[in-house]
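**Student:** Start counting the sequence shown at 1; every next residue gets the next number (our numbering). Built from N, CA and C at the ideal position, the CB exists for glycine as well. Given the structure is predicted, the values throughout are model-derived calculations rather than measurements. Let me give you the structure first, and then I'll get to my questions.
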Amino acid sequence: MKYRIPSLSSNSIYLGVLLAIVGGFLDAYTFISRDGVFANAQTGNMVLLSVKAANKEWRGVLHFIPPILAFIMGVLVSEMVKIPQIREVLHSYRRSILILECLVLITVGLLPKSVPNIVVTVCIAFVSSLQISTFNKLDKWAYNSTMTTGNLRTATQAAYMAIKENDLEARKQFKEFFVIILSFIFGALTGTFSTTYFGNPSIYIAGGILVIAIILYHRDRGYLSENLRSKIR
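Following this line, the structure appears as structure tokens:
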């Protein structure tokens, strides 16, 4: 019996689901275990930074600056790997970004409890930024795998057009974005329960999901041998 493995191109719904689960997981993980700092949502961090600054809680302000800077650094790295000379060396810069994400999360899991929380939040903010900047298309539409505000807006607009105009493309868009939103929620729930009951090592769950994404993306882009691919099928 042959099994058909779903396509995991960079803009496929399947990869989007995996990345959305990771995005929700990481936000819950850092918020619960790392001083209430958001690793993905820099808007939230900037609001909290402003609140602390307004109340002259300068030590609290320092908790939010490093993740914001790490996020900026991740965007820069994701742009640098697109330089033609670097892309030629990496062969697939998107695959390289997935591998880098996975390695950073595994490293976070190996860190001792004595490591300051800020180190972890900086690492995860960097990972989140890489993911947002590299994987930002769902089919042909822009989306975000680590935050849901824009996705919720797009899904609502698509639902309206699907009902009002009986637009089949809008219906497809709504379905895909709805799945991404549910995946993010599932990731956040998983991150909440696993972090609460297993603590810091629960980060390996997110790393494991990325490993699955790397393997399937690797296969989909044609990097596996024909012999191995025939066995998988």
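Buried or exposed: where does GLU88 fall if 16 or more other Cβ atoms within 10 Å of its Cβ makes it buried?
**Tutor:** As a working mapping, residue 88 is identified with position 88 in the sequence shown. By the neighbour-count rule (16 or more Cβ atoms within 10 Å), GLU88 is not buried but exposed.
**Student:** Assign LYS113 to one of three DSSP states: helix, strand, or coil.
**Tutor:** Locating residue 113 in the sequence shown gives position 113, where the first residue counts as 1. Looking at LYS113 - three-state DSSP - the assignment turns out to be coil, as it is neither helix nor strand.
**Student:** Going by beta carbon distance, what residues of the same chain come within less than 6 Å of GLY191, once the five residues before and after it are set aside?
**Tutor:** Your numbering for residue 191 matches position 191 in the sequence shown. Here the set comprises PHE25, ALA28 and TYR29.
**Student:** What distance in whole Å lies between the Cβ atoms of VAL22 and LEU210, which are believed to be in contact at a cut-off of 8 Å?
**Tutor:** Reading the sequence shown from its first residue, position 210 is the one you call residue 210. Reading the sequence shown from its first residue, position 22 is the one you call residue 22. The pair is a contact, with the Cβ atoms about 6 Å apart (cut-off 8 Å).
**Student:** Should the region 157-164 be regarded as contacting the region 184-204, the criterion being three or more beta carbon pairs within less than 8 Å?
**Tutor:** As far as the Cβ criterion goes, the region 157-164 does not touch the region 184-204, which means the pair count is below three.
**Student:** Can you find at least 3 beta carbon pairs, one from the region 198-215 and one from the region 98-113, that sit closer than 8 Å?
**Tutor:** Touching, yes.
**Student:** Please classify GLY16 as buried or exposed, where buried requires at least 16 neighbouring CB atoms within 10 angstroms.
**Tutor:** Working through the sequence shown from its first residue, we reach residue 16 at position 16. Looking at its Cβ environment, which holds 16 or more other Cβ atoms inside 10 Å, GLY16 is buried.
**Student:** Taking the C-alpha atoms as reference points, what is the distance between TYR3 and ASN11?
**Tutor:** Looking up residue 3 in the sequence shown gives position 3. Looking up residue 11 in the sequence shown gives position 11. Since pLDDT at TYR3 reaches only 46, below the 50 mark, its modelled position is unreliable, and the value read off the structure follows with that caveat. Cα to Cα, the separation comes out at about 22 Å.
**Student:** Judging by CA-CA distance, which residue of VAL108, ILE72 and GLY44 is the nearest neighbour of ILE205?
**Tutor:** Within the sequence shown, numbered from 1, the residue matching residue 205 stands at position 205. When each option's Cα is compared against that of ILE205, the closest is VAL108.
**Student:** Should the region 109-124 be regarded as contacting the region 65-75, the criterion being three or more beta carbon pairs within less than 8 Å?
**Tutor:** Contact holds: three or more Cβ-Cβ distances are below 8 Å.
**Student:** Please classify GLY74: is it buried, with 16 or more other beta-carbons within 10 angstroms of its beta-carbon, or exposed?
**Tutor:** In the sequence shown, residue 74 corresponds to position 74, counting from 1. Buried: at least 16 other Cβ atoms inside 10 Å.
**Student:** In terms of DSSP beta bridges, what is LEU138 paired with?
**Tutor:** Taking the first residue of the sequence shown as position 1, residue 138 is located at position 138. Note: LEU138 sits in a beta bridge opposite TRP141.
**Student:** Is it buried or exposed, ILE97, if we count other Cβ atoms within 10 angstroms and call 16 or more buried?
**Tutor:** Translated into the one-based positions of the sequence shown, residue 97 becomes position 97. Label assigned to ILE97: buried.
**Student:** What's the C-alpha gap between GLY208 and ALA20?
**Tutor:** For the purposes of this step, residue 208 is taken as residue 208 along the sequence shown, with counting starting at 1. For the purposes of this step, residue 20 is taken as residue 20 along the sequence shown, with counting starting at 1. Whole-angstrom Cα-Cα distance: 14 Å.
**Student:** Assuming PHE178 contacts ALA155 (C-beta within less than 8 Å), just tell me the rounded distance between them.
**Tutor:** If you number the sequence shown from 1, residue 178 lands on position 178. If you number the sequence shown from 1, residue 155 lands on position 155. Between ALA155 and PHE178 the Cβ distance is about 5 Å, and since that is below 8 Å, they are a contact.
**Student:** Taking C-beta to C-beta, are GLU176 and LEU138 nearer than 8 Å?
**Tutor:** Along the sequence shown, read from residue 1 onward, the residue named residue 176 stands at position 176. Along the sequence shown, read from residue 1 onward, the residue named residue 138 stands at position 138. The answer is yes: Cβ separation under 8 Å.
**Student:** Beta carbon of PHE135, beta carbon of SER145: below 8 Å?
**Tutor:** Residue 135 sits at position 135 when you count from the first residue of the sequence shown. Residue 145 sits at position 145 when you count from the first residue of the sequence shown. Their beta carbons are under 8 Å apart, which means PHE135 touches SER145 by this criterion.
**Student:** Output yes or no for whether 8 Å exceeds the beta carbon distance between ALA53 and VAL61.
**Tutor:** Within the sequence shown, numbered from 1, the residue matching residue 53 stands at position 53. Within the sequence shown, numbered from 1, the residue matching residue 61 stands at position 61. In this structure, VAL61 lies closer than 8 Å to ALA53 by Cβ.
**Student:** Using the C-alpha atoms, what's the distance from LEU130 back to PHE71?
**Tutor:** Position 71 of the sequence shown, counted from the first residue, corresponds to residue 71. Position 130 of the sequence shown, counted from the first residue, corresponds to residue 130. About 8 Å.
**Student:** To the nearest angstrom, how far is it from the Cα of MET267 to the Cα of GLN42?
**Tutor:** For residue 267 there is no data in the structure shown, the boundaries of the chain being 1 and 233.
**Student:** Out of curiosity, what's the CA-to-CA distance linking VAL51 and GLN173?
**Tutor:** Mapped onto the sequence shown, residue 51 falls at position 51. Mapped onto the sequence shown, residue 173 falls at position 173. VAL51 and GLN173: Cα-Cα distance of roughly 37 Å.
**Student:** Go ahead and label THR149 buried or exposed: buried means 16 or more other beta carbons lie within 10 angstroms of its beta carbon, across all protein chains shown.
**Tutor:** Residue mapping note: residue 149 aligns to position 149 of the sequence shown, counting from 1. The residue in question, THR149, is exposed, as its Cβ has fewer than 16 Cβ neighbours within 10 Å.
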